[in-house]
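Visitor: Under this note's numbering, think of the first position of the sequence shown as 401, with each following residue one higher.
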Amino acid sequence: MDIIQCYAPTNDYNEDAKDQFYNGLQSIVEKCPTRDLTILMGDFNAKVGTDNTEYEDTMGRHVLGERNENGERFVNLCAFNKLVIYGTIFHINAFTKPHGLHRITPRKTKSTIFASTKRSGGL
């Protein structure tokens with residue numbers, strides 16, 4: 401099993417910093433043996449959005465909001481490496497607060513996105 405924990409630059413960072421991060425992450429993922437389960441987790445500062453067209457094998461539709469630039473980068477990385485974004489597969493209840501819609505998520509997992517290699521009978 402390979403576990404990769406990382407923190408991506410926010411959308412406010414310049415393109416070079418984000419390119420450098422995702423290129424470095426890609427090189428790390430490529431070093432993981434394909435026979436191993438690969439878990440990629442961390443704060444990717446990404447919103448992957450609900451549109452999973454062309455990404456059905458990578459993500460589900462159970463998310464809030466629209467995809468942002470970091471979300472696009474993250475979804476592409478996962479698709480290229482055959483990773484599944486598990487936080488989008490199952491429905492999670494949401495409620496509306498006066499300042500917007502929120503998911504009911506434990507505080508400790510709120511900013512974590514979890515992706516893993518797809519295995520039959522896996523996670």
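Note that beta-carbon positions come from the ideal geometry of N, C-alpha and C, so glycine has one too.
It should be emphasised that the depicted structure is a prediction, and the values quoted were computed from it without experimental measurement.
1. Let's see if you can read the secondary structure: which residues bound the beta strand (DSSP E) around Asp443?
2. From Glu456 to Thr438, what distance separates their C-alpha atoms?
3. Assign Val463 to one of three DSSP states: helix, strand, or coil.
4. May I have the straight-line CA-CA distance separating Val475 from Thr458, to the nearest angstrom?
5. Around the Cβ of Thr453, are there at least 16 other Cβ atoms within 10 angstroms (buried) or fewer (exposed)?
6. Closest to Gly465 by CA distance: which of Ser427, Tyr413, Asp451, Arg435 is it?
7. Cα separation between Pro409 and Val484?
Guide: In short:
1. Note, Asp443: beta strand (DSSP E), 438-443.
2. Roughly 19 Å between the two C-alpha positions.
3. If DSSP states are grouped into helix, strand and coil, Val463 belongs with coil.
4. Distance between the alpha carbons of Val475 and Thr458 is about 7 Å.
5. Under this definition Thr453 is an exposed residue.
6. Closest option to Gly465, Cα to Cα, is Asp451.
7. Roughly 21 Å between the two C-alpha positions.
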